[in-house]
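**Q** Okay, so the sequence shown: first residue is 33 according to our numbering, each after it adds one.
Built from N, CA and C at the ideal position, the CB exists for glycine as well.
Sharing a structure here in structure tokens format.
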Amino acid sequence: MAAWLSPSPEALDPAADRGAERAAMVAEQLQVRDIRDARVLAAMATVPRHRFVPEGVQAEAYADCPLPIGHGQTISQPYIVALMTELLGLRPTDRVLEIGTGCGYQTAVLAALVREVCTVERVEGLARTAGARLAALGMTRSPCGWATAGRAGRTGPFDGILVTAAPDRLPAALGAQLAPGGRLVIPLGGRPLQWLHRFTREADGCLRDEELIPVRFVPLV
Ligand code: SAH
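In structure tokens:
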């Protein structure tokens, strides 16, 4: 008997691609907490998080927790992704730098909101898989590529910078890439206690530092 290949129902109907689970995630994990930015909520309701995590944890993709993504790294819980994104206060014309592509999920959320996302990942295997996933979802490669560690410094300044791994203190080179009015969101400090910070480039050129909530991230290497 001949076997015929046909598009999966999911490919034909994006809303069927676990859209109900995403809607529940947005309502029960984001809106009931403090996420208010309508564009961020829409991006979180659209980007298929389950497509970015390893097969073994896909069933848990929309749960209220971080998940392992291989190479000893983790994808943040949905609320933390949404919060960090909202804190950047992004506009459609913005350019954003992300340090720590990981599985590419946060990259896809950012890419749904701004003109360009430059993302940097030091683990080559993660960068390659993330790039393939983003391309499969129709996201185009930015001029500085998915993984250009060491090169991003020449492509600033950025309106937003998001760091998803924790150094002890803000690397001066990162702060220097922030455009006037730009915002930089980063976890700072060693384990077990890290704090999420937002730095804003003020009109006088100074960086304003806000310490927000305790968080837990892998270290920036
Ligand atoms: N935003 C990611 C989170 C991944 S965890 C996601 O949605 O999946 C943080 C990532 O930062 C890890 O993949 C780790 O390899 C990477 N990383 C750590 N130090 C780095 C550095 N100096 N430059 C680039 N990536 C780094």
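Please work out which residues of its chain come closer than 7 Å, Cβ to Cβ, to residue 181, disregarding the five sequence neighbours upstream and downstream, and give them in chain order.
**A** Unreliable placement is indicated for residue 181, whose pLDDT of 35 sits below 50; the coordinate value is still reported in the next sentence. These residues qualify, in order along the chain: 152, 154.
**Q** In angstroms with no decimal places, state the Cα-to-Cα distance between residue 184 and residue 150.
**A** Model confidence at residue 184 stands at a pLDDT of 43, short of 50, so the residue's coordinates are unreliable; what they give is reported in the following sentence. Their Cα atoms are separated by approximately 7 Å.
**Q** Using only the heavy atoms of the ligand SAH, determine whether one of them is closer than 7 Å to the beta carbon of residue 193.
**A** Outside the cutoff, so no.
**Q** Could you tell me if the beta carbon of residue 245 falls within a distance shorter than 7 Å of some heavy atom in the ligand SAH?
**A** Result no, Cβ not under 7 Å from the ligand SAH.
**Q** Checking 8 Å against the spacing of the C-beta atoms, do residue 226 and residue 253 come in under that value?
**A** Going by C-beta atoms, residue 226 is not nearer than 8 Å to residue 253.
**Q** Check whether the Cβ of residue 250 lies closer than 7 Å to any heavy atom of the ligand SAH, and answer yes or no.
**A** Yes; taking the cut-off as 7 Å, the Cβ of residue 250 has a heavy atom of the ligand SAH nearer than that.
**Q** Around the C-beta of residue 125, are 16 or more other C-beta atoms found within 10 angstroms, so that it is buried, or is it exposed?
**A** Classification of residue 125: exposed, given that the 10 Å Cβ count is below 16.
**Q** What is the residue span of the beta strand (DSSP E) that residue 242 lies within?
**A** Residue 242 -> beta strand (DSSP E) spans 239 to 247.
**Q** Is the separation between the beta-carbon of residue 77 and that of residue 93 shorter than 8 Å?
**A** Result no, Cβ atoms of residue 77 and residue 93 do not sit closer than 8 Å.
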